[in-house]
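Remember, my numbering sits 3 above the position in the sequence shown when you count from 1. Written below as structure tokens is the structure these notes are about.
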Amino acid sequence: MQGEIKMFKNRSLIFITAAVFILIATNSISAFNGSSFYGDEKTSVEVGGEFFPEYRIMTDNGDLEENIMGEINFTYPGKTHEFKFLLDFQAGAAEEIDFDEAYYRYYGDKYHFLIGKHRLIWGTGDKVHVVDNLNPEDMSDFINREYKDRQIGEEMLKIDRYFRGGNASLEFVYTPDFNGHRLADDPDSPLGNWIINPFADKFELSDLAVITPYTQTDIINKFENSLEGEENQFGLRFTDSRQGVDYGFSYYKGYLREPSYNPQALKQGLDNIDLSSSISSAEFNKILTNADLHYDEVDIFGFELAGAAADINSRFELAYYRTDDTSGNNPSVKNNRIAWIIGGDRDLPINNINLNIQFKGTKILDDEQIQKNHIDYNPEGDYTSHRAIVKLKDSYSSEKIIPELTWIYNLNDNDYSLEAAVDYELQQDLHLELSHKIFNGDRETTFGQFDDNDFTSVGLRYSF
């Protein structure tokens, strides 16, 4: 009951805030047009968004899940001053109603200035990156939503300095807060059960829910609440374009968003648990406390490149992740690593088919120092991972019908997701979206953990 009251209060606050924003923005139009703040700019508030009701048929058990997603966007786009407010709603998400963006931006001749909540994406990869680290992701629906839609806005100060007529830029970003990825916490969500067990190789959440006074949702929330709060992120990025080649260098100082812990302490705590009996909340809290859940501090040095070569739109990203464990022998801190994205897309001489292939890899350094109770320990001794992302896209009837096939395959663990989708434009701003998605692999792998979550989706997307 208290949770329902809290949710009602949160929703009421959001709708009241939205109403106030509309009133302020509407009144500002006449006020600003009559003052020197906007000068001769003739602007007005633009309201847009989308509404997406969806049915998901879960293949394994035949359950029919009803879901609604929507967003509304208020923008006051002046030539010099811009205000933006984006409200997102996703039934079944960890945060059903959220302010994705709410910021003010100033456009100068050589400088741009932004303050507020914003989603910022760095890198030349196509919806997959290793140099993009400023925003956390909402994993309530795993990776079923687009990359941009999964990003959670961070409150930030952003200053851009432009050179060479705008071809080159230097970006400075500071955020006072740091937030980890938002995990799914409800196994009965209308989106489906996309709970990721952070200790999948140690125990099952369902077993803990039996012997503790907590539900699986409570356990995920306890896990997140046990993490030490962190503050401050800093980013610097230089990009340039010369002779058809885009390139850039970046630096990020903050934290890894996948939490670390003390494996030895966690193992000792779990070894003392008798699955045939129950433990108290105090005992469970003690296990989490001793496990020392935390985010590792990191410096990330990045390079990105994009250009056309032999009719291929090529993309490349390279990043070096430097943690506090430079020697690699601290079992509670992840080792230094390098990560990369390489790939591209090209049009094929068949109808309007476009083939997009990207490879994402990670190499953990100083692996000779990794022992059994290390956070990075791999029983097979394999500390290099590879992932292939393959997309095949076509279009018919003047792009009113767009079929797409997406295959994501982890070469090391042999797990994958495969999605066949069709976007059919019924009329302007109204699309019928059909898809079928399957997951396969061993239970402890990224996609194999959702082996029972294959689903068929039917949705209607209306944009306004």
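C-beta: ideal position from N, C-alpha, C; glycine also. Just so it is clear, the structure is predicted and the values come from calculations on it, not from any experiment.
- Setting aside the 5 residues that flank it on each side, Phe241 is surrounded in the same chain by Leu173, Gly251, Phe252, each with a C-beta closer than 7 Å to its C-beta; the list follows chain order.
- Taking the C-beta atoms as reference points, Lys82 is found nearer than 8 Å to Tyr110.
- Per DSSP, Gly119 lies in no alpha helix (DSSP H) segment; the continuous beta strand (DSSP E) that holds it begins and ends at 114-121.
- The alpha helix (DSSP H) runs of length 4 or more contained entirely in the segment 95-166 are, from start to end of the chain, 150-153.
- Looking at the DSSP output, Gln361 shares a beta bridge with Gly346, Ile392.
- Residue environment for Ser400: exposed (fewer than 16 other C-beta atoms within 10 angstroms of its C-beta).
- Under the 10 Å beta carbon count, Arg318 is surrounded by 16 or more other beta carbons and is classified as buried.
- By the neighbour-count definition (other C-beta atoms within 10 Å, threshold 16), Thr329 is an exposed residue.
- Going by C-alpha positions, Lys366 is about 6 Å away from Ala342.
- Per DSSP, Gln374 lies in no beta strand (DSSP E) segment and is marked neither H nor E.
- Rounded to the nearest whole angstrom, the C-alpha separation of Ala309 and Asp348 is 11 Å.
- Taking C-beta separations shorter than 8 Å and ignoring five residues to either side along the sequence, the partners of His184 in its chain run Pro139, Glu140, Asp141, Met142, Arg260, Glu261, following chain order.
- In the DSSP assignment, Ile441 falls within the beta strand (DSSP E) that extends over 433-443.
- Note that the segment 60-71 touches the segment 193-200; at least 3 beta-carbon pairs, one per stretch, sit closer than 8 Å.
- A direct Cα-to-Cα measurement between Glu428 and Lys403 gives close to 5 Å.
- Residues Lys87, Leu117, Ile118, Gly119, Lys120, His121 of the same chain have their beta carbon placed closer than 7 Å to that of Tyr106, with the five preceding and five following residues left out of the count.
- Inter-residue distance for Asn359 and Lys396 is about 8 Å (C-alpha atoms, whole angstroms).
- Counting only runs of 3 or more residues that sit fully inside the segment 180-221, no beta strand (DSSP E) segment turns up.
- Pairing Tyr114 with Phe181 gives a Cβ-Cβ distance that is not under 8 Å.
- Non-local C-beta neighbours of Asp66 in its own chain, meaning closer than 8 Å and more than five positions away in sequence, comprise Ile60, ordered along the chain.
- Using a Cβ distance threshold of 8 Å, Asp63 and Asp455 count as a contacting pair.
- Contact between Ser420 and Ile441 holds, since their C-beta atoms are separated by about 7 Å, short of 8 Å.
- Close CB contacts of Ile315 within its chain, under the 6 Å cut and outside five residues either way in sequence, are with Gly347, Arg349 (chain order).
- Residue range 404-413 is occupied by the beta strand (DSSP E) that includes Ile411.
- Setting aside the 5 residues that flank it on each side, Tyr298 is surrounded in the same chain by Phe181, Gly183, Leu230, Glu231, Glu233, Tyr258, Leu259, Arg260, Pro262, Ser263, each with a C-beta closer than 8 Å to its C-beta; the list follows chain order.
- For Leu137, the closest alpha carbon among the candidates Phe102, Glu98, Tyr177, Asp152 is that of Tyr177.
- The three-state reading of DSSP puts Leu296 in coil, since its state is none of H, G, I, E or B.
- Note that the C-beta distance between Lys256 and Asp327 is not below 8 Å.
- Bounds of the alpha helix (DSSP H) holding Lys270 are 266-274.
- Taking 8 Å as the upper bound for CB-CB distance, Leu414 and His389 are in contact here, some 4 Å apart.
- DSSP, reduced to helix, strand and coil, places Gly462 within a strand of the structure shown.
- The three-state secondary structure of Phe450, taken from DSSP, is coil.
- Rounded to whole angstroms, the gap between the alpha carbons of Ser244 and Lys151 is 24 Å.
- Proximity to Pro382 across Asp426, Gln430, Glu447 peaks at Glu447, based on C-alpha coordinates.
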